[in-house]
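Structure, as structure tokens:
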């Protein structure tokens, strides 16, 4: 339970009840300084100053730091006035307040950085989970199609003509190509997240890339779409695999969301750069 409370305090995710408990602890720490002074321990309470500073930063961020710094400053002035204006006491209190303020600023920066990092990791984990769920959904159809085709072949391939057998094998090949494309995409995504993606630029002819995209879409011949390419004679410098995957994603979305008809991938030159468009 204590660990859970500390974790929620660090992340700034306290319930109303937990927040009031921590505020009570903060007030107790602040009031302990004059209390210890009255009890005859004027130096021991100095060791407690960093605790309310840090706790106030966790609870109220910049406002907490300012609040505790002001309270400590007021208490130091009262102490200075009570001790008949000792110059040494004034200098000592000033440096104490300066050190405590620096501790608070450092603590505030660490808290902000940690919470920002935690939010980023949480968002990445949520995005990764969403991608995995989408991948599972996308893989289900081609896997079932390939499984159904293979089971059909096992049951009746002896009675099939060569043309029928070829069609069934092509259907299974199309389904497995879709599976391979999805797995390849998720693999690249994880490489990007882990920082292990390596780019290998080389001189390419656009026609070679277009052929790579075409080979990834054998299902086009079985749909009411046509896939066309133009500008294949152009040359450019790029990573063959990454460029092919990027264009493959564009073509996949176009085939999935466009009405029946022609999907064209074209290349052109604009200001000395190769521009690839899909329509």
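In the numbering used here, the protein residues as written are 2 to 280.
C-beta: ideal position from N, C-alpha, C; glycine also.
- Task: For residue 260, write down the residues that DSSP places opposite it in a beta bridge.
- Result: Residue pairing from DSSP leaves residue 260 without any beta-bridge partner.
- Message: For a test of the three-state rule: what should DSSP assign to residue 183, helix, strand or coil?
- Response: DSSP, reduced to helix, strand and coil, places residue 183 within a helical segment of the structure shown.
- Bounding residues of the beta strand (DSSP E) (the contiguous stretch that carries residue 216): Taken as a continuous stretch (DSSP letters only), residue 216 belongs to no beta strand (DSSP E), being part of the alpha helix (DSSP H) at 207-216.
- Please name the residue or residues paired with residue 236 in a DSSP beta bridge. Residue pairing for residue 236: DSSP places it in a beta bridge opposite 206.
- Message: Per the DSSP calculation, residue 277 is bridged to which residue(s)?
- Response: 268
- Item | residue 158 classed as buried or exposed, judged by whether at least 16 other C-beta atoms fall within 10 angstroms | exposed
- Message: Am I right that residue 242 and residue 119 are in contact with their C-beta atoms under 8 Å? What's the rounded C-beta distance?
- Response: Contact flag wrong, Cβ pair sits at about 34 Å.
- Query: Using 8 Å as the limit for Cβ to Cβ distance, is residue 58 near chain C?
  - Reply: The chain inventory of the structure shown lacks chain C, comprising one protein chain alone.
- Query: Contact between the region 161-169 and the region 123-143: three or more CB pairs below 8 Å?
  - Reply: no
- Where residue 183 falls, given that 16 or more other Cβ within 10 Å makes a residue buried: That one is buried.
- Task: Identify the continuous beta strand (DSSP E) that holds residue 228 and give its terminal residues.
- Result: 226-231
- Message: Am I right that residue 230 and residue 266 are in contact with their C-beta atoms under 8 Å? What's the rounded C-beta distance?
- Response: 5 Å
- Can the beta-carbon of residue 29 be found less than 8 Å from the beta-carbon of residue 56? No, the Cβ-Cβ distance between residue 29 and residue 56 is not below 8 Å.
- Message: Buried or exposed, going by whether 16 or more other CB atoms sit within 10 Å of the CB of residue 121?
- Response: exposed
- Pull up the distance between the alpha-carbon of residue 58 and that of residue 23, whole angstroms please. 12 Å
- By Cβ distance below 7 Å, which residues in the same chain neighbour residue 204 in space, the five residues on each side in sequence not counted? 236, 238
- Message: Quick check: the Cα distance between residue 134 and residue 103, rounded to an integer number of angstroms?
- Response: For residue 134 and residue 103, the distance between alpha carbons rounds to 47 Å.
- Throw me the rounded Cβ distance for the residue 213 and residue 245 pair, which I believe falls under 8 Å. 4 Å
- Cβ neighbour criterion (16 or more within 10 Å) applied to residue 263: exposed
- Can you tell which of 268, 130, 280 has the C-alpha that lies nearest to the C-alpha of residue 208? 268
- Hey, how far is the Cα of residue 160 from the Cα of residue 234? 46 Å
- Task: Look up residue 198 in the DSSP assignment and say whether it is helix, strand or coil.
- Result: Residue 198: coil per DSSP, three-state reduction.
- Measure the alpha-carbon distance for residue 116 versus residue 173 and round it to whole angstroms. Approximately 49 Å between the Cα atoms of the pair.
- Message: Just to confirm my understanding: we take residue 169, look at its own chain, exclude 5 residues before and 5 after, and list those with CB closer than 6 Å. What are they?
- Response: 150, 154
- Query: Does DSSP classify residue 161 as helix, strand or coil?
  - Reply: Three-state result, residue 161: coil.
- Go through its chain and collect everything with a Cβ distance to residue 217's Cβ below 7 Å, but skip five positions before and after it. So the qualifying residues of the chain are 178, 182, 249.
- Message: To the nearest angstrom, how far is the alpha carbon of residue 16 from that of residue 25?
- Response: Taking the CA atoms as reference points, residue 16 sits about 14 Å from residue 25.
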